[in-house]
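Here the structure is laid out as structure tokens; the discussion comes afterwards.
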Amino acid sequence: MEALQEKKTLPENIRPESYRIFLEPNIENGTFIGETVANLVVLEDADEVVLNSVDLIVERATISVDGGEKKQAMAKYIPEKQQISFSSPCKKGSKIALEIAYRGEFNKNMAGFYLSSYKTKEGTEKRIATTQFEPADARRAFPCFDEPERKAVFEISLRVDKAHTALSNMDVKSVSDGEEKKTVCFNPTPLCSTYLVAFIVGELESIETTSKEGVSIRCFTVPGKIEQARFALDVTSKCLSVFTKHFKIPYPLSKLDSVAIPDFSFGAMENWGLVTYRETALLYSERQSSTAAKQRVAAVVCHELAHQWFGNLVTMKWWSDLWLNEGFATWAGSMAVNELHPEWDVWVEFVVDDIGRGLSLDSMKSTHPVHVPVSDPDQVGEIFDAISYSKGASMIKMLAGYLGEDKFMEGICAYLEKHKYANAETEELWAELEKSSGKPVSALMAEWIHRPGYPLVHASYENKKLCLKQERFVFGQEEEAEKTLWKIPLAVETEKGVCAAVLPEGLLKTQCETLSVESDGFIKINPGQTAFFRVHYSDEMLAVLGRKCRERKISEADRVGLVSDVFALARLRKMKLVTALKFFGEFSEEQSYFVWMELSAAFAAILDAWWEQDEETVSSLELFFQKTIKKKTLALGFEYTADEDEKTHLLRTALLSFAARIDLPEVTAQFAKWFQTALETKDDGAIHPNITAAVFAHAVRTGGEKEHGHVFDYYRRDDIPADKKIAALSALGTSREKETIEKTLRLTLDTGLEAVVRGQDVIYVLASASRNKSAKRLLWAFVKENWAAYRARFFGSSTSILNSIVAVAGSFFNQQKDIEDFKAFFGGKDRSGIERKILQKTESMELTAGFLRENSEETREWLAACAGKRTRTE
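First residue of the sequence shown: 632, per my numbering; consecutive thereafter.
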């Protein structure tokens, strides 16, 4: 269990009721002036009030008590706070109007009130003033009680240039014109947390529609990109109706705006009524964008709209329950996408993405519980991760399956109704689900939510007896004092169908259990992968399951789960890699995109682990993988046709991309042909959008200055969709030439107006270099040399980016000297905000090193034997 620490919160003797906030941004000189009137209630006698405030210079503070005369108050800055002292004490029950006039500068790191820039078609630079307040950066724009439980009503007014669009959470109440400027006043919000307040000022274009419930839906972009927002506009309108139907509470605001921001540190932000996005998360070009980009837009939009209920209408009391926001939004977002696009099979994708990500991170000793103690908002950036999002969503899906969808949704709707416009904790959610289901939800979920990790269920079958045993699935051994016993929702499928009642209450609650199961064929535990655990089958059971996978007698989701479990067991040295490779050999005729995604991820991870091993073994691995994927890859062919469904397009992309990585000759020849045609004809359509990223990466990896230059020039164009720009940017890190690699890495250091790579996109360059054998050591040396610059740029405001840099900096190092170098380097640095990521990365490197030690010799011998067999049969 993580140590409990005292929360760093404001004194609770005064509560805010409402704020009137006036701001006048000067976009040209990078400053703003503001005035905040906070209406407060005194809960205990007080002679001062303490608010959060960062980088704001207070010029005047006054108070009036119970409608009386305004009096000057003394303002004193203490770290991240303003201490306002009263001339005389205020009694309990008094109402205070605190007025603060202040000024500030726009933040330079995409946090608080900051500037984003873009270029017009004429090449002129323009700026947008925008906000990003989660988790605790509203204090950078106005003095406030910047904690999620301190909800209040916000009334925003903005004085802006007449040519500028001004947006905030609510619709416009009034506009008053001056000679050069206008003052836009917005209607008051409902009770709302500070991190959900937002305002934007700039030259923007928009399109709009109205949902069937009568809500005004608008999308905004910088000039010239608004047509790319039409898909998102349609998804937004339809998704709002889906959630209104399921949650039994109408969206409570009169409008919902979505804005694509050129510079944005998160993927998106759910500000109530004014959702902000990276351009890649909102914009999609029917002609130029990939299928994956389209699905990403739908997924992110539905996730952010889910937050309008889970997070905005009902908010966690404190960041320890972040999962109530992010886990629910991830689950509900998937539910909505599935309803809007059932042909995408979102719940199978959920097994690959969310269950897979959650299981991967949660297998480490350095993981954390879903409900995680947080003492300081500075720690929150470390838990915006696969535990809060993906494991959290997996817990919800598992619980919905166990309780039954109807009972589950009844409890969810009751929870939303009871706590709307307020705050809630995990136990309050369990209370409503217990009422609706009649089951002891709190007791059932205690270990899942409050303890780290998850179970591994060992399974063997003999004489019609299924023997089950649970333990924690973790790298190394779980300490005796920390042993956890989960209540596992467990069903079994045989050739006769699914049986959910093989255990009392459908739960495996003991460490060991023996069940009577009739089966003359296969036994698959956890059918549909609805519960959050892995299974280690006996060799005999796994062999049967492998044959049934080849025959596709097992569902798509279960085939994904089996591939995922087998590789995870091999990676944690609970199964030989050779056993896993034999199992993977059963999938050469696999038809599923999702299964191939899981397989190619496993194949890539194996190659990454072997990147500095002997070339003969690496070549043998590549030949084995080529043999596994070749038949299906070539059968699909290279042409994307309009009569194919989107999953076929995605499957072709996945297979071709991995085939190029392992140099399958037929594929690399086609990639070279596509790229050469694009070079000669300057036709963007020469390479299909679905395969652009892989073709660019292959061209840069196998080419020279000409190829790198073409992709770099393509990236710098402003007339292509954001997803295509990212495809080009990622390809730049794949070069094999030292000088080109170093030149590319230096792009990540540029800041200000001349920066070629935006701060939010730095990680794409570094991540692609981390997957490049020729760049890995250059990358680590570069990050070490420039760590101070990265930390100064991203710490605090964009800590998620800083954590990502830590994650890729030493990627795939598996020699002890490298692990020690990594630990020594960060051991001497300020680790605040990145401590957990350093521990996770160190553990991951040690895990890979052990994986290699355990498997290198046997794998080499097995591959040699396979090569001998191929030679004799050719």
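C-beta atoms are modelled at their ideal positions from N, C-alpha and C, and glycine is treated no differently. These figures come from a predicted structure and were not determined experimentally.
Counting other Cβ atoms within 10 Å of its Cβ, residue 1191 reaches 16 or more and is therefore classed as buried.
Judged by their CB atoms, residue 1142 and residue 1101 are nearer to each other than the 7 Å cut-off. In the three-state DSSP reduction, residue 1405 falls in the coil class, being neither helix nor strand. The C-alpha of residue 1263 lies about 23 Å from the C-alpha of residue 1330. For the pair residue 1470 and residue 1006, the CB atoms are not nearer than the 7 Å cut-off. Residue 945 is classed as buried because its beta carbon has at least 16 other beta carbons within 10 Å across all chains shown. Within a 10 Å sphere around the beta-carbon of residue 984 sit 16 or more other beta-carbons, which makes this residue buried. Rounded to the nearest whole angstrom, the CA to CA distance from residue 1334 to residue 1347 is 20 Å. Within the model, the alpha-carbon separation for residue 1306 versus residue 1296 is close to 15 Å.
With a 10 Å radius around the Cβ and a threshold of 16 neighbouring Cβ atoms, residue 1122 comes out buried.
Of the candidates 821, 826 and 803, the residue whose Cα lies closest to the Cα of residue 815 is 803.
Judged by beta-carbon spacing, residue 747 lies within the 7 Å limit of residue 892, meaning their Cβ atoms are closer than that value. Here residue 731 is buried: its Cβ has 16 or more other Cβ atoms, across all protein chains shown, within 10 Å. DSSP places residue 705 in the strand class (E or B) of the three-state scheme. With a 10 Å radius around the Cβ and a threshold of 16 neighbouring Cβ atoms, residue 660 comes out exposed.
Per DSSP, residue 898 has no beta-bridge partner at all. Boundaries of the alpha helix (DSSP H) around residue 1306: 1296-1312. Three or more pairs of CB atoms, one per stretch, sit closer than 8 Å, so the region 755-773 contacts the region 681-698. Close CB contacts of residue 1462 within its chain, under the 7 Å cut and outside five residues either way in sequence, are with 1469 (chain order).
Look at residue 947 here: in three-state DSSP terms it is strand. Per the C-alpha coordinates, the member of 1139, 1097, 947 and 1107 positioned closest to residue 1125 is 1097. Just measuring C-alpha positions, the residue of 1180, 1184, 1173 and 1243 sitting nearest residue 1210 is 1173. Leaving aside the five residues that flank residue 843 on each side, the residues in its chain whose CB is nearer than 6 Å to its CB run, in chain order, 872. Approximately 6 Å separates the beta-carbon atoms of residue 1224 and residue 1285; this is inside 8 Å, confirming the contact.
If you draw a straight line from the Cα of residue 823 to the Cα of residue 784, it comes to about 6 Å. Residue 1180: member of the alpha helix (DSSP H) spanning 1170-1181, first to last residue. Under the 8 Å Cβ criterion, the region 746-760 does not count as touching the region 693-707, having fewer than three qualifying pairs. Contact between residue 902 and residue 828 holds, with the beta-carbon distance rounding to 7 Å and staying under 8 Å. Non-local C-beta neighbours of residue 705 in its own chain, meaning closer than 6 Å and more than five positions away in sequence, comprise 716, ordered along the chain. If you look at residue 718, you'll find it in the beta strand (DSSP E) that goes 712-721. Counting C-beta pairs closer than 8 Å gives fewer than three between the region 924-935 and the region 1370-1378, which falls short of the contact rule. Taken atom to atom, the span from the alpha-carbon of residue 999 to that of residue 1079 is near 11 Å. Here the region 858-877 makes no contact with the region 725-743; the two share fewer than three CB pairs at distances below 8 Å.
Nearest in C-alpha terms to residue 1234, of all of 1245, 1251, 1222 and 1247, is 1251.
When the beta-carbon positions are compared, residue 882 and residue 906 stay at least 7 Å from each other. Residue 1116 and residue 1004 have their alpha carbons spaced roughly 21 Å apart.
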